[in-house]
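In UniProt numbering, the protein residues as written are 1 to 268. All C-beta atoms in this analysis are idealised placements derived from N, C-alpha and C, irrespective of residue type, glycine included. To start, the structure under review is shown below, and the notes come after it.
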């Protein structure tokens, strides 16, 4: 199970503003403070991800790993009810940005600390998005459609599953661990499950937003070599901007842009 490196060339200021609790541009903090925090965040973020796929028994809601993992919770079971396989994803940007955030608060720089924390959340979501696109590309090659990723803590899926879920992504090279309170360390890390549904399945029933495959811009897999020394993927801002064009793709850039207000994973 290789570990992939996802270097970030920018961090989304609009998403950072949202994670900082600022609904409108210029609200509470000058825009320059947000963009400055985003630039600083690039110095700390080390985007990496790992994932692995497993057969899935949808009748018993069981991931057929070794050992098997039964998924408790109606929401996650409904999300995967047509999946034949699942992909377990883990992503992180490392501990540096949370260490910088803690220092800001310790030194009394509360505004900067708040913004750096929001930058970290934005950055790890961007890394997970990029990994997600690679998973979708591979799924499409194999004749599957991928659901949107679903993380512990969404809906009624309890975060206590983290301890059993994290090892299934094979992230030993990511240096992610789970605390006694079932939180991930480093804090700016993500685990998630992505369902793989055969193309002949009923995509609408899954809540998947990816039905217009022609609109997708996949990551360039040719630039990736899964090796023990972490591989690298080139990224650019244009790809991330294109991802939010059209109603079918807005969920990639966060709940604030998404028109689906009844989504069980909505954060706002």
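In the DSSP assignment, residue 17 falls within the unbroken alpha helix (DSSP H) covering 13-19. At a Cβ-Cβ threshold of 9 Å, residue 64 and residue 193 do not count as neighbours.
For residue 131, no beta strand (DSSP E) segment is defined; the enclosing uninterrupted segment is the alpha helix (DSSP H) at 110-141. In the DSSP assignment, the residues bridged to residue 57 are 62. For residue 189, there is no enclosing alpha helix (DSSP H); the residue is found in the beta strand (DSSP E) stretching over 189-198. Under the three-state reduction of DSSP output, residue 85 falls in the strand class.
Annotation for residue 151: 190, 191 and 192 place their beta carbon closer than 7 Å to its own, counting only its chain and skipping 5 residues before and after.
Residue 110 and residue 93 have their C-alpha atoms some 22 Å from each other. Annotation: the continuous beta strand (DSSP E) that includes residue 146 extends over 144-146. Under DSSP, the beta-bridge partners assigned to residue 52 are 88. Across the set 16, 8, 3 and 12, the C-alpha of 16 shows the shortest separation from the C-alpha of residue 113. Here the segment 165-179 makes contact with the segment 54-73; the two share three or more CB pairs at distances below 8 Å. Rounded to whole angstroms, the Cβ separation of residue 79 and residue 58 is 11 Å, and the two are not in contact under 8 Å.
Beta-bridge partners assigned by DSSP to residue 177: 185.
Between residue 54 and residue 3, the CB-CB gap reaches or exceeds 9 Å.
The segment 36-46 makes contact with the segment 94-107: 3 or more CB pairs, one atom from each, lie closer than 8 Å. Around residue 108, the same chain offers no residue with a beta carbon nearer than 8 Å, after the five sequence neighbours per side are excluded.
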